[in-house]
Structures are given as C-alpha cells and as structure tokens.
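Here is the structure we will look at.
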Amino acid sequence: MVPSRVWVISDVHIDYQENFNILTDFARRGHRLDALIIAGDVTDKLDRLQQLFEVVVPCFHRVLFVPGNHELWIRRSDFSDSLQKFQAIQELCHYHGVQTEPVKIGQYRQVWLVPLYSWYDDQQHGEHSLFVKKNAEDRTDQMWGDFFHTRWPDTLDVPIAEHFARLNEPFLAWNFDAPIISFSHFLPRQELIFNRHYEQEELVKMFDPYPEFNFTRVAGSTRILRQIERLGSQVHVYGHQHRNRLRLLEGVTYVSHCLGYPKERMLGYVHADAMTPRCIWREDTGFCL
Ligand SMILES: [Fe+2]
Ligand SMILES: [Fe+2]
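Letter 245 of the sequence shown, counting from 1, is numbered 1244 in the working numbering, and no numbers are missing.
What follows is the structure, given as structure tokens:
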C-alpha cells in the first residue's frame, strides 16, 4: 500500500513566477494521498492565490493553509480593512476545498494537522512579545510593510494577535486521538529567531544586514506557544522569518521550511534544500525529521 505523507512549506511568495513554478511543478508530481501544509505568505493578491489553489488542490488529498502577513495587505484591493480581506480568504479556501480546520490523515497510522491563526505582538503588548532590544536606532516602523499595507477595524478592542488567537479556541477543545502537527505563520518563541544562542549578542552586531530593522518586534507571539502547549503538539511548523530551522525545545520539534525570495536563496539565507516542500511525516514510518 502506498503511504500517505505530510509535506510542509511556507513563504512561497508566488508573485515571483519562479516560486509559483516550483510549487506547482512539485504538486503535479503525484501526491494523491498526501497532505500539503502551506504556512502563509503566498501572495497579497487574491486572484493569484486562487490560481495557486486551482493547480495545487486537485493534486493532493488535503491542502491546509493559514494566511501570513502578506495575505492581509490591502493595497491594490477594495477591502476596507484587513479583517474583511481575511474573511474573503476564508471563503476562497472554503470554495476550493482548502482545509482551515484541523484534519486527521492516514489509515493504519494517523496524525492530526492543526492550523493556528496568529499575528505578532510588538513590545507594546508586553508579556506575549518576542521583542529583543538591538543596539541601533530602531526604524522598524518606517521599514516594515505591514505598517503601511494592513489596516485593522477601529472597533477592534483587543490586540490583533489576541483576535487571531481567539479564533483558534473552538479547535483547541477538540478530541485529538493521534499525534499532532500544528502550524502557524508567525514564530511562537523567541529562541527560534536566532540560530545559535550567541547570535543575539555576537552575530547580530557583526553581520546584521539591517541594523536599524528589528525583526523581533514583528516576529510572533507567545500566545502561539501557549496554544501549542494546550494542544500537546509533537511538531510545530512555522514560517515568516525566511530562515529555516529544525529545533527541539521542551519536547516540541519546531520546523521552519520557507521557500523565500529568489534573492535570499542566491545569497544563501534560505538553503537550497527548501526548493521543494519538506516531508515531515509518513504513514509507514511516522515522523521523519
Ligand atoms: Fe514571507
Ligand atoms: Fe511573513
């Protein structure tokens, strides 16, 4: 019997035609029993997202998706705010059969795939923030596209990260009777930002290509970590940083497998092994990390 498999990728950024081709070529290779997790940052254009779904969804048993920050940009659109666009994305997923709720796959061995909506807490939202101070002038507000291209309704009375975390609450109470792979676009813990424990003090000072941009302000939120803990995830997949990681922390294996921009691959920020989705689970052998 052919085993089903779980493949993961994020930050596909398909406005680069090369990236669109990488994912669609991979999809067409025959994955009828497989699941594909796309952990956000596909495109900010809904018609382009639809084009990808039209090619990829029929190639897999299941395709799962959570929006990243780029999907919620409302430039070049008629949406009045980013939550209205989020709703339109949900409807597009529903129409194309893209899974946005937990799903169990496999027959003789099974695994749950659990999407977690998320956003980042910046330092103004203290306890959940992943903020680390940098030794340079912080011009993140002027350099980060989200601050120009997203808009939140005036009626929203909680931090946007809290709003998205609340959307996951109904799923957290489900009865998960097999190991869990959860996924989010944003980072759930500060350690994952840095690839070695000393990078924060040493490498950032020496080699940081953007000393005035502080990614930690827009990286993620520990609200995601709290939900991973409540679920009891064995593996958590995330994206957003365009730095690929595999790290075991407190019993959870964290995987980041971003395709990223062509230029980032050329410069070696994103390694060549991310040129196709990564297989992290197989029905015949279980987790393969
Ligand atoms: Fe991205
Ligand atoms: Fe992102």
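Virtual Cβ for every residue (Gly too), placed ideally from N, Cα, C.
Item	Value
beta-carbon Asp1120 near ligand 1 non-hydrogen atom, thresh 7 Å	no
Host beta strand (DSSP E) of Asp1033 (start-end)	1030–1037
Simplified DSSP assignment, three categories, for Gly1285	strand
Asp1033 beta carbon near ligand 1 (any heavy atom closer than 7 Å)	no
Same chain, Cβ closer than 8 Å to Ile1184, neighbours up to 5 away in sequence not counted	In the sequence as presented, Ile is not what sits at residue 1184; that position holds His. Ser1009, Ala1038, Gly1039, Asp1040, Val1065, Pro1066, Gly1067, Asn1068, Ser1117, Tyr1237, Gly1238, His1239.
Asp1207 CB to nearest heavy atom of ligand 1 below 7 Å	no
Exposure label - Tyr1119; buried when at least 16 CB within 10 Å	buried
Enclosing alpha helix (DSSP H) for Pro1152 [first to last residue]	Taken as a continuous stretch (DSSP letters only), Pro1152 belongs to no alpha helix (DSSP H), as it is neither H nor E.
N- and C-terminal bounds of the beta strand (DSSP E) containing Arg1244	1244–1248
Cα-Cα separation, His1095 to Leu1245	31 Å
Any heavy atom of ligand 1 nearer than 5 Å to the CB - residues listed	Asp1010, Asp1040
Cβ-based burial, Gln1098 [other Cβ within 10 Å; buried from 16]	buried
As assigned by DSSP and simplified to three states, the class of Gln1098	strand
Any non-hydrogen atom of ligand 2 within 7 Å of His1256 CB	no
Check: Gly1067 C-beta below 7 Å from any heavy atom of ligand 2	yes
Limits of the alpha helix (DSSP H) - the one that Phe1052 falls within	1045–1055
Cα-Cα separation between Glu1190 and Leu1248, rounded to whole angstroms	9 Å
Buried or exposed (CB count within 10 angstroms, at least 16 for buried), Cys1287	exposed
Contact the stretch 1076–1088 vs the stretch 1021–1035: 3+ CB pairs below 8 Å	no
Span separating the alpha-carbon of Gly1105 from that of Ile1279	14 Å
Completely contained alpha helix (DSSP H) runs for the stretch 1206–1277, where each covers 4 or more residues	1221–1230, 1261–1266
Exposure of Pro1114, with buried meaning 16 or more beta-carbon neighbours within 10 Å	buried
Meets three-Cβ-pair contact criterion under 8 Å: the stretch 1123–1142 and the stretch 1211–1220	yes
Secondary structure of His1069, DSSP reduced to three states	helix
Same chain, Cβ closer than 8 Å to Glu1017, neighbours up to 5 away in sequence not counted	Pro1261
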